[in-house]
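J.: Handing you this structure, nothing more for now.
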Amino acid sequence: MSRPGERPAAAAVLVVEDEPQIARALQINLRVHGYEAVTAPSGEAALAVAAERRMDIVILDLGLPGMDGVDVIRRLREWTDVPIIVLSARHGSEDKVEALDAGADDYVTKPFGLEELLARLRAAARRVPRTEEAPRVETGELSVDLAARRVTRSGQEVRLTPTEWSILALLVRRQGELVTQREVLTQVWGPAYAKETQYLRVYLAQLRRKLEEDPAHPRHLHTEAGMGYRFDP
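Counted the way our numbering counts, the sequence shown spans residues 3 to 235.
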């Protein structure tokens, strides 16, 4: 909160765009309208910036070199709820559905009007303030870096399968909370697997073997019988 007489802090906007002219034009216009604008030319660079500092809004192109924009959305959603506005030349409804399903909050097609984009930014900025999320969780011997998708135990890297990682990331993001079996199944495998609870028993046992000092008496990965799971730091 700003003090009386002080200007409120400018919202920090991360512009992820590989076309230098577009990125520069957006950066200049956003700064003129009171935003703090930072640019990133690729998905990998964007994830590094978002992990390093708190961003209030992300403007994201989908057609990026290397990592596709939709994959960037999915990676961000593993550890942050920052508003994401897609700004893309892809006009197909399939592209819009895929981006929104991956976790984007809004979708603007190129060419776009600056006033429209600014209005969508204002709408994103008016949302209820979100709690700041740490991309890295340290729990003594265990370290989970959500942005880098890296887990270490007692300083040694632990290799997880993609499914194991998805489960762990979901539980770590909600640390201290009960995450129901249905939530884990639908978010990791999809709605069609909402009742396949045997999957969870297998994968939680694997995670405990890899991450817990005593898998039979876990310190971090707890089961609430018949309900779900909880990650405790």
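We put the beta carbon where it would ideally sit given N, CA and C, even for glycine.
1) Taking the beta strand (DSSP E) that Glu100 belongs to, which residues open and close that run?
2) Specify, as a first and last residue, the run of the beta strand (DSSP E) that Leu62 falls within.
3) Quick one: what's got a C-beta closer than 6 Å to Ala104's C-beta in the same chain, skipping five residues either side?
4) If you draw a straight line from the C-alpha of Ala27 to the C-alpha of Leu102, how long is it?
5) At 4 residues or longer, and completely inside the segment 128 to 211: list those alpha helix (DSSP H) runs for me, N to C.
6) From Val204, Ala126, Gly142, Arg232, pick the residue whose C-alpha is nearest to that of Arg176; which is it?
7) Which same chain residues end up closer than 7 Å to Ala48 when comparing Cβ atoms and leaving out the 5 residues on each side of it in sequence?
8) On the criterion of 16 or more Cβ atoms from any shown chain inside 10 Å, does Ile30 qualify as buried, or is it exposed?
9) Answer yes or no: do Glu100 and Gly68 have a C-beta to C-beta separation smaller than 9 Å?
10) Among Ala149, Ser90, Val146, Ala50, whose alpha-carbon lies nearest the alpha-carbon of Arg24?
11) Could you tell me the distance, in whole angstroms, from the CA atom of Arg92 to the CA atom of Thr111?
12) Find the nearest neighbour of Ala106 within the set Pro22, Glu118, Leu120, Glu80, judged by alpha-carbon distance.
13) Between Glu166 and Arg211, what straight-line distance do the alpha-carbon atoms span, to the nearest angstrom?
14) Let me check understanding here. Comparing Cα to Cα, which of Ala52, Gly36, Leu213, Leu66 lies closest to Leu162?
15) Can you tell me the Cα-Cα spacing of Leu172 and Thr188, whole angstroms?
16) Using a 10 Å radius around the Cβ and a threshold of 16 neighbouring Cβ atoms, would you call Ala121 buried or exposed?
17) With respect to the alpha helix (DSSP H) encompassing Leu28, which residues constitute its N-terminal and C-terminal limits?
18) Nearest to Gly142 by alpha carbon, out of Arg155, Gln200, Ala149, Gly65?
19) Provide the residue span of the beta strand (DSSP E) that contains Glu226, from first to last.
20) DSSP has Glu237 in a bridge; who is on the other side?
21) Per DSSP, what kind of secondary structure is Gly68 in: helix, strand or coil?
22) Given a threshold of 16 other Cβ atoms within 10 Å of its Cβ, counted over all protein chains shown, does His222 qualify as buried or as exposed?
23) Leaving out five residues before and five after Asp108 in sequence, what residues of the same chain have Cβ atoms less than 6 Å from its Cβ?
24) With distances taken between CB atoms, is the gap from Ala14 to Ile59 smaller than 9 Å?
25) Please classify Met229: is it buried, with 16 or more other beta-carbons within 10 angstroms of its beta-carbon, or exposed?
T.: Let's see:
1) Looking at the DSSP string, Glu100 is not in any beta strand (DSSP E); the run it does join, the alpha helix (DSSP H), is 95 to 104.
2) 59 to 62
3) Val72, Ile75, Arg76
4) 25 Å
5) 164 to 175, 183 to 190
6) Arg232
7) Leu16, Val18, Ala42, Val74
8) exposed
9) no
10) According to the sequence shown, residue 24 is Ile rather than Arg. Here the closest residue by C-alpha is Ser90.
11) 7 Å
12) Glu80
13) 12 Å
14) Leu213
15) 12 Å
16) exposed
17) 22 to 34
18) Arg155
19) 223 to 226
20) There is simply no residue 237 to check, as the chain begins at 3 and stops at 235 in what is shown.
21) coil
22) buried
23) Ile87, Arg122
24) yes
25) exposed
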